[in-house]
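S.K.: Structure provided below as structure tokens; questions to follow.
Numbering (my numbering), first residue to last: 23 to 653.
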């Protein structure tokens, strides 16, 4: 294996190379033949001095440094492609330090499955948006509305919202918005919140954090402001007559044509059952031929609609009186129409269930079962379906553009995702909502029950059906006078959080167990955003205090303290200790090797997600070390 530098490097669609000299790596087998494709990903790292980065990027900011990606030259496309990249910072002695624009050198490490020429690539515009100003927060009932002055850049793409419980505390990623407003619907009455905003441009550069907003403490008084938690699309808007039947509804046969007048809808669900059991989401259309259940007389059809961001309308109904069965000709025509609809598919040029990209682009697309392309907008969602970026296949623009765009517009969490304790989930083809507790799923049978138990609709996460199928079926939730066992609850104007459990003396009764402290809450992998505010009339006897499991408490017993910034490609004694800890905590399945590889990075990301150490970079920095040292 050898490497050399090549000069006169040119730019491409992916962005501008940091240096005019690229690093080229070559490898040969025992017979002298060049080796290009590798069985497993390897890490390629290049370091540049701060003066080099200043020459390339201008005035340095952390946002600029973090957005640079390792690039690999694609000879087929005659262009650069960007690779999954991690960034590390070193002082003058070569020691890793926390991210800083005053670092002596900045190291970029990219993951690749082939040897080529490599060079860090700066996004094409090279300039991050200006810092956002005038951030204001207004408290509502279990919500906070945040506004700010819109950015003025022509290539502005959107905004990211960060939240903390103290003005000078750690701010964690909360969500994103394409407008200069956002509604935090996960806020809890009685808690105080602060917010900071960043702006992101189309080249992927993110501004520095804004100044903190004013304090906001939801109290339950007043409205919570409009909005859907920073949705990237508008909610469905119903027309004057959103649902109607073509012809006289009082003289219909059992085969009817429904007509809809709704804007911003991408899906709809239709059923003759109020709970939509057995119904599935389907693509929105202004008309739909529907075959009603057999029998004459009065029938009710229920319909609801959903936007690309997942917001749904209230259920709309239409009364129909069937006065005659469909004729043989009508039935034959309807069956033919359904058959044509089911079979009118084209041969897919790409493999459904796989993911593809263009050679000169970082965007990746999932191919659905009906041969549509759906973008992966977030890397953490990608890793709930696939284990490595090497799973991404390269195709041409012509082939990819031939695929229709999937109407859903986003990827739900995949089968590798861990929703954590107390999640509310649904699959995109079925309106049923389930509560996940332990290894069981509990169907919440109606919207009345859902809202009566104090759940919020923006808590519901869309997941892949394969993930839902991992859970066994628990009992149905049909009541609103109490909450299911193992639900996390708190009471208004109280900071105490409890978990409901069966009374050990009488399983027909329930007790509430106070969770001792924040460390115990995190160690038990509970979710702060899934705590239900219970009505004061909902009373439970006190059970034993709930503490962290002994197996969690005993990990390392505080004998080893992590002190280094670690990332993929590193090795040594501290990496071994990291792997031992992650394995003991249940995040790493392989034996410690002392080398920080792809599986260790995946385990670090899972640990960071569990403890909300956003934005989950897979690098062990100060916040991650502090959490590891606290366990």
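Where a beta carbon is used, it is the ideal one built from N, C-alpha and C, also for glycine.
1) In three-state DSSP terms, what is residue 564?
2) Nearest CA to the CA of residue 519: which residue from 486, 553, 119 and 502?
3) Hey, residue 312 and residue 278 are a contact pair by Cβ (cut 8 Å); roughly how many whole angstroms apart?
4) List the residues that DSSP assigns as beta-bridge partners of residue 522.
5) So which of 318, 384, 429 and 401 has the shortest CA-CA distance to residue 417?
6) How many angstroms separate the CA atom of residue 103 from the CA atom of residue 593?
7) Could you name the residues of the same chain whose beta carbon sits closer than 8 Å to that of residue 268, not counting the 5 residues immediately before and after it, in chain order?
8) Reducing DSSP to helix, strand and coil, say where residue 647 ends up.
9) Give the DSSP bridge partners of residue 185, in chain order.
10) With three or more beta-carbon pairs closer than 8 Å as the criterion, would you say the segment 467-477 touches the segment 543-563?
11) Which whole-angstrom value is the C-beta distance of residue 141 and residue 45, which I expect to be below 8 Å?
12) In three-state DSSP terms, what is residue 290?
13) In whole angstroms, what separates the C-alpha of residue 589 from that of residue 153?
14) Is residue 448 near residue 484, with beta carbons less than 9 Å apart?
15) Would you mind reading off the limits of the beta strand (DSSP E) that contains residue 458?
16) Going by Cα to Cα distance, which pick from 393, 178, 413 and 433 is closest to residue 423?
17) As a quick exercise: from 113, 460, 122 and 465, pick the residue whose alpha carbon is nearest that of residue 87.
18) By how many angstroms is the C-alpha of residue 182 removed from the C-alpha of residue 196?
19) Could you check which residue in 39, 529 and 550 has the C-alpha nearest to that of residue 539?
20) Just to confirm my understanding: we take residue 488, look at its own chain, exclude 5 residues before and 5 after, and list those with CB closer than 6 Å. What are they?
21) Could you give the first and the last residue of the continuous alpha helix (DSSP H) run that contains residue 602?
22) Is the beta carbon of residue 238 closer than 9 Å to that of residue 189?
23) Checking 9 Å against the spacing of the C-beta atoms, do residue 660 and residue 205 come in under that value?
24) Where DSSP assigns a beta bridge to residue 39, which residues make up the other side?
25) How do the segment 202-219 and the segment 498-507 stand: do at least 3 beta-carbon pairs fall below 8 Å, yes or no?
26) Which of helix, strand or coil does DSSP assign to residue 640?
27) Just to confirm, is the Cβ distance from residue 180 to residue 208 under 9 Å?
28) Under the three-state reduction of DSSP, which class applies to residue 1: helix, strand or coil?
29) Helix, strand or coil, according to DSSP, for residue 612 in the structure here?
30) Is it the case that the Cβ atoms of residue 131 and residue 302 are separated by a distance below 9 Å?
31) Are the CB atoms of residue 342 and residue 314 nearer to each other than 9 Å?
32) The alpha helix (DSSP H) that contains residue 78, what's its start and end?
33) Suppose you measure from the CA of residue 512 to the CA of residue 491; what does that come to, to the nearest Å?
34) Is residue 652 helix, strand or coil by DSSP?
35) Would you grab the beta carbon distance between residue 641 and residue 587 for me? Rounded to a whole angstrom, and I think it's under 8 Å.
36) Cα separation between residue 66 and residue 596?
M.R.: Looking at the coordinates:
1) It is a strand residue.
2) The option with the nearest alpha carbon to residue 519 is 553.
3) Confirmed, Cβ separation roughly 5 Å.
4) BP columns for residue 522 point to 534.
5) Distance from the Cα of residue 417 is smallest, within the candidate group 318, 384, 429 and 401, for 384.
6) When rounded, the separation of the alpha-carbon atoms in residue 103 and residue 593 is 28 Å.
7) Hits under 8 Å: 278, 279, 280, 281 and 309.
8) Helix, per DSSP.
9) For residue 185, the pairing in a beta bridge is given by DSSP as 194 and 217.
10) Yes, since at least three Cβ pairs between the segment 467-477 and the segment 543-563 fall closer than 8 Å, the two stretches touch.
11) Indeed they touch by this definition, with Cβ atoms about 7 Å apart.
12) In the structure shown, residue 290 sits in a strand (DSSP, three-state: E or B).
13) Spanning the two alpha carbons is a distance of roughly 29 Å.
14) Yes, the pair counts as a contact, with Cβ atoms nearer than the cut-off.
15) 455-459 is the span of the beta strand (DSSP E), which, as asked, contains residue 458.
16) Measuring from the Cα of residue 423, the nearest candidate turns out to be 393.
17) The candidate whose alpha carbon is nearest that of residue 87 is 122.
18) Take the alpha-carbon of residue 196 and the one of residue 182: they are about 8 Å apart.
19) Ranking the options by Cα distance to residue 539, first place goes to 550.
20) Same-chain partners within the cutoff: 437.
21) Note, residue 602: alpha helix (DSSP H), 595-606.
22) In this structure, residue 189 lies away from residue 238, with their beta-carbon atoms at least 9 Å apart.
23) Examination of residue 660 is not possible in this model, given that the chain is present from 23 through 653 alone.
24) 143.
25) Short answer: they don't touch.
26) Residue 640 falls in the coil class under three-state DSSP.
27) No; because the gap between Cβ atoms is not below 9 Å, this pair is not in contact.
28) This structure gives no information on residue 1, because the portion of the chain shown stretches from 23 to 653.
29) In the structure shown, residue 612 sits in coil (DSSP, three-state: anything other than H, G, I, E or B).
30) Result no, Cβ atoms of residue 131 and residue 302 do not sit closer than 9 Å.
31) With contacts defined as CB atoms closer than 9 Å, residue 342 and residue 314 qualify as a contacting pair.
32) For residue 78, the uninterrupted alpha helix (DSSP H) run begins and ends at 72-79, by DSSP.
33) Rounded to the nearest whole angstrom, the CA to CA distance from residue 512 to residue 491 is 30 Å.
34) Helix, per DSSP.
35) Contact between residue 641 and residue 587 holds, since their C-beta atoms are separated by about 7 Å, short of 8 Å.
36) Using only the alpha carbons, I get a separation of about 21 Å.
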